[in-house]
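Novice: Numbering-wise, this note's numbering puts 19 at position 18 of the sequence shown, and it's gapless, one number per residue. Here a beta-carbon is modelled for each residue, glycine too, at the ideal position from N, C-alpha and C. Source: prediction; values computed, not measured. Right, I'll just put the structure down here and ask away after.
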Amino acid sequence: MAFNTFRLISKKRNTSKLFLLLFVLYPISCKDCTTEPPENPDYDIQLSVIESAPTYVRLSVSISDSGCVRQYALQRDSVMVMSDTLFGKDTILIDSDLEPSTTYQYRILIRNKGKTIDASEPFPVLTPELSEHYVYNWDIDTIGDYNSYLNDVFIVDENNVWAVGDIDTGDSSYNAIHWDGEKWNFVHITGWYCGRFIQTELNSIFYFDENDIWALGSYPFHWDGTEWTFYQLTDMGIISGGLAGDIWAIDPHDIFFIGRNGRIVHYNGQSFEKMDTGTKVDLTDIWGEIDPETGDVHIWVCGKADNSLASVILYFKNGEWHTIYERYADNTNSLDDVVRYNPHCNTIWTHPSSEKLWVGGGYGLFTLDNKFYPTKYTEIDVLGEIGYFSYPHKIRGNNPYDIFITGGYSSLYHYNGQTWHRYQELFDDDKEFGAIKVKDDTIYIVGDYFGSFLSSGLLIKGLR
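In structure tokens form, the structure reads like this:
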């Protein structure tokens, strides 16, 4: 194993409470010390895990204020991997170059004049295994003809998958397909409005159960188990134009619809309400998570302008949307003053076990160091590692070490927690990938196929 490196990061007071919400703390009783430590001191030492990845861990260290001794060391197994002085009550340590699927025993040692005067109990940390790049089977289907295309897909289980878009078979037009475990069935999603049935192109679909399904075109459709209902939100006085974006929901009584001109509409189970976003860029992706420890809900939205380099990332907190990252038309951004090529914010993704927010757009991919209050922007050099990268359309994954990205020119990339991989077997000049959904070892990609004069919808299923 390579020698492990550490980074020491000062922990800001306004973020420490957020970290502590995620921790399982292992305290030792506390006793005050004088200028000269007592012969048998007893400190309050708290050691916890923020994040465990296949090749690194992020640890939080907190030591009671001794008034005199602030020297500490970190021990991994029997090796002293670092020592330093703690300025403040707590700090974050990153131990890298670890081995996947390995249990390490960590201890914090209190040091004074080169001697250990107290220590925490051993704290076990298991690094997860790397996810598998290899996909043993790809099924590639074309759906419809006559300029057909698919925009989104939702995996319920192996026998229940939905995809939406605009589908023309020559005999009829549809806007959805459904996999029933044996075959794909064409579906009309239509709603009665102003004396006729309305059927539109669909951009997104969200499934709660067989009696509760939402689909979004310019406006929402809802299935209640008996019929589809169409909500023309402009005529209802909710918004001044259409959405044609994406859907994310906490439950049937807490649904968010996003789309053009900075529009976000919330549905509370009974009524729709337009939300104030503070932006006019087209919103292209929404992602949310529920903290497994606290039950807190966190939601992010990103978007980009069509006629400039401007982009934005919004975070939903306390009932309001806050801008946490902004890219300006002159290529600068809200986190630093450096003029550089920053990718558009076209797609976002994160996971409850990670503090990072993954962002893709333009011809680049980057992460924000803190998905709630970002302070640092880090570019991910996929091109430098594998020799190719194209415009990222959608980021989705199972966890931070099992991430898939669809890109331009029928590109699919996978990050396994350590390395990147491109699935070159899928490359085809006649294909264009759009949305992707991942559930355990099942992958679905939708998009367009241009192999004939008029395009068809494209649907790809992968199994690991």
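CA-CA distance, Ser456 and Tyr392?
Specialist: The count along the sequence shown starts at 1 and reaches residue 456 at position 455. The count along the sequence shown starts at 1 and reaches residue 392 at position 391. One C-alpha to the other measures close to 21 Å.
Novice: Note down the Cα distance separating Gly279 from Leu315, rounded to an integer number of angstroms.
Specialist: As a first step, residue 279 must be located in the sequence shown, where it is residue number 278. As a first step, residue 315 must be located in the sequence shown, where it is residue number 314. Put simply, the backbone Cα of Gly279 is about 9 Å away from that of Leu315.
Novice: In chain order, what residues of the same chain have a beta carbon less than 6 Å from the beta carbon of Glu133, not counting five sequence neighbours either side?
Specialist: Translated into the one-based positions of the sequence shown, residue 133 becomes position 132. Arg465, listed in sequence order.
Novice: I'd like to confirm the pairing. Which residues does DSSP put opposite Arg108 in its beta bridges?
Specialist: Taking the sequence shown and counting its residues from 1, the one referred to as residue 108 is at position 107. According to DSSP, which records beta bridges pairwise, Arg108 is partnered with Gln76.
Novice: Three-state secondary structure (DSSP) at Gly385?
Specialist: Residue 385 sits at position 384 when you count from the first residue of the sequence shown. It is helical.
Novice: Please report the straight-line C-alpha distance between Leu459 and Lys438, rounded to a whole angstrom.
Specialist: Here residue 459 corresponds to residue number 458 of the sequence shown, with the count starting at 1. Here residue 438 corresponds to residue number 437 of the sequence shown, with the count starting at 1. If you draw a straight line from the Cα of Leu459 to the Cα of Lys438, it is about 14 Å long.
Novice: Looking at Leu99 and Thr143, is the spacing between their C-beta atoms short of 7 Å?
Specialist: Translated into the one-based positions of the sequence shown, residue 143 becomes position 142. Translated into the one-based positions of the sequence shown, residue 99 becomes position 98. No; because the gap between Cβ atoms is not below 7 Å, this pair is not in contact.
Novice: Smallest Cα separation from Thr420: which of Val383, Leu413, Asp158?
Specialist: Sequence index remark: in the sequence shown, residue 420 carries index 419 (1-based). Thr420 has its Cα closest to that of Val383, out of Val383, Leu413, Asp158.
Novice: Considering only C-alpha positions, which residue in the set Ala164, Leu234, Trp215, Val165 is nearest to Tyr194?
Specialist: For the purposes of this step, residue 194 is taken as the residue at position 193 of the sequence shown. Ranking the options by Cα distance to Tyr194, first place goes to Leu234.
Novice: Residues in its own chain within less than 8 Å of Asn334 by CB, not counting five upstream and five downstream?
Specialist: To locate residue 334, count along the sequence shown from 1; it is residue 333. Here the set comprises Tyr326, Glu327, Arg328, Asn343, Tyr378.
Novice: Could you check the C-alpha separation between Gly246 and Gly218 for me, to the nearest Å?
Specialist: For this step, residue 246 is matched to residue 245 along the sequence shown. For this step, residue 218 is matched to residue 217 along the sequence shown. Going by the C-alpha atoms only, they are around 7 Å apart.
Novice: Quick check on the DSSP output: the beta strand (DSSP E) that includes Glu380 runs from which residue to which?
Specialist: Walking along the sequence shown from the start, residue 380 turns up at place 379. It spans 378–380 - the beta strand (DSSP E) in which Glu380 sits, taken as one unbroken run.
Novice: Look up Glu274 in the DSSP assignment and give the residues it is bridged to.
Specialist: In the sequence shown, counting from the first residue as 1, residue 274 sits at position 273. DSSP lists His267 as partners of Glu274.
Novice: Tell me which residues share the same chain as Ile29 and place their Cβ nearer than 8 Å to its Cβ, disregarding the 5 neighbours each side in the sequence.
Specialist: Reading the sequence shown from its first residue, position 28 is the one you call residue 29. Residue confidence for Ile29 is low, a pLDDT of 34 falling below 50, so the modelled location carries little weight; the figure read from the coordinates is stated next. Answer for Ile29: Asp43, Tyr44, Asp45, Ile46, Asp119, Ser121, Glu122, listed in chain order.
Novice: Report the residue from Thr104, Thr285, Gly243 whose alpha carbon sits nearest the alpha carbon of Pro125.
Specialist: Translated into positions along the sequence shown, residue 125 becomes position 124. Per the Cα distances, Thr104.
Novice: Could you check how far apart the C-beta atoms of Ile64 and Ile111 are, in whole angstroms? I think they sit under 8 Å.
Specialist: Here residue 64 refers to the residue found at position 63 when the sequence shown is read from its first residue. Here residue 111 refers to the residue found at position 110 when the sequence shown is read from its first residue. With a Cβ gap of about 7 Å, Ile64 and Ile111 count as contacting.
Novice: Considering just the uninterrupted stretch of the beta strand (DSSP E) at Gln47, what are its terminal residues?
Specialist: Here residue 47 refers to the residue found at position 46 of the sequence shown. Run containing Gln47: 46–53, per the beta strand (DSSP E) assignment.
Novice: For Val447 and Asn347, I'd like the C-alpha separation in whole angstroms.
Specialist: As a position in the sequence shown, residue 447 is number 446, starting the count at 1. As a position in the sequence shown, residue 347 is number 346, starting the count at 1. Near 17 Å, if we compare the C-alpha coordinates of Asn347 and Val447.
Novice: Quick check on Phe150: buried or exposed, where buried means 16 or more other Cβ atoms within 10 Å of its Cβ?
Specialist: The residue given as residue 150 occupies position 149 in the sequence shown. The amino acid occupying residue 150 in the given sequence is Tyr; Phe does not appear at that position. Buried is the call here.
Novice: Going by DSSP in three states, Glu327 sits in which element: helix, strand or coil?
Specialist: One-based indexing of the sequence shown puts residue 327 at position 326. Glu327: strand per DSSP, three-state reduction.
Novice: Is the beta carbon of Asp153 less than 7 Å from the beta carbon of Ser205?
Specialist: Translated into the one-based positions of the sequence shown, residue 153 becomes position 152. Translated into the one-based positions of the sequence shown, residue 205 becomes position 204. Cβ distance < 7 Å, so Asp153 and Ser205 count as in contact.
Novice: When the distance is taken between beta carbons, is Asp213 closer than 7 Å to Pro253?
Specialist: Translated into positions along the sequence shown, residue 253 becomes position 252. Translated into positions along the sequence shown, residue 213 becomes position 212. A contact, by the Cβ cut-off of 7 Å.
Novice: My output table needs one value for Asn262: the three-state DSSP class, helix, strand or coil.
Specialist: As a position in the sequence shown, residue 262 is number 261, starting the count at 1. Helix.
Novice: Under the DSSP definition of a beta bridge, which residues are partnered with Glu321?
Specialist: Residue mapping note: residue 321 aligns to position 320 of the sequence shown, counting from 1. Glu321 is bridged to Lys318.
Novice: Assuming Phe258 and Ile248 make a contact with CB atoms under 8 Å, what is their CB distance in whole Å?
Specialist: As a working note, residue 258 is residue 257 in the sequence shown. As a working note, residue 248 is residue 247 in the sequence shown. That pair is a contact at about 6 Å.
Novice: Out of Asn269, Met276, Val162, state which residue places its alpha-carbon closest to the alpha-carbon of Gly263.
Specialist: As a position in the sequence shown, residue 263 is number 262, starting the count at 1. For Gly263, the nearest C-alpha among the options comes from Met276.
Novice: Mapping DSSP to helix, strand and coil, what is Glu133?
Specialist: Numbered from 1 along the sequence shown, position 132 holds the residue referred to as residue 133. Glu133: coil per DSSP, three-state reduction.
Novice: Just to confirm the assignment, what range does the beta strand (DSSP E) spanning Cys303 have?
Specialist: Taking the first residue of the sequence shown as position 1, residue 303 is located at position 302. Note, Cys303: beta strand (DSSP E), 298–305.
Novice: Kindly indicate which three-state DSSP category Glu426 falls into: helix, strand or coil?
Specialist: One-based indexing of the sequence shown puts residue 426 at position 425. Here Glu426 sits in helix by DSSP.
Novice: To which residues of the same chain is Glu211 closer than 8 Å at the C-beta, ignoring the five residues directly before and after it?
Specialist: Translated into the one-based positions of the sequence shown, residue 211 becomes position 210. So the qualifying residues of the chain are Gly226.
Novice: When you compare each of Gly409, His323, Ile406, Lys90 to Lys372 by their alpha carbons, which one comes out closest?
Specialist: If you number the sequence shown from 1, residue 372 lands on position 371. Comparing Cα positions, the closest option is His323.
Novice: So Pro375 and Leu366 are supposed to be a Cβ contact under 8 Å. How far apart are they, rounded?
Specialist: Taking the first residue of the sequence shown as position 1, residue 375 is located at position 374. Taking the first residue of the sequence shown as position 1, residue 366 is located at position 365. Not really, about 15 Å apart at Cβ, beyond 8 Å.
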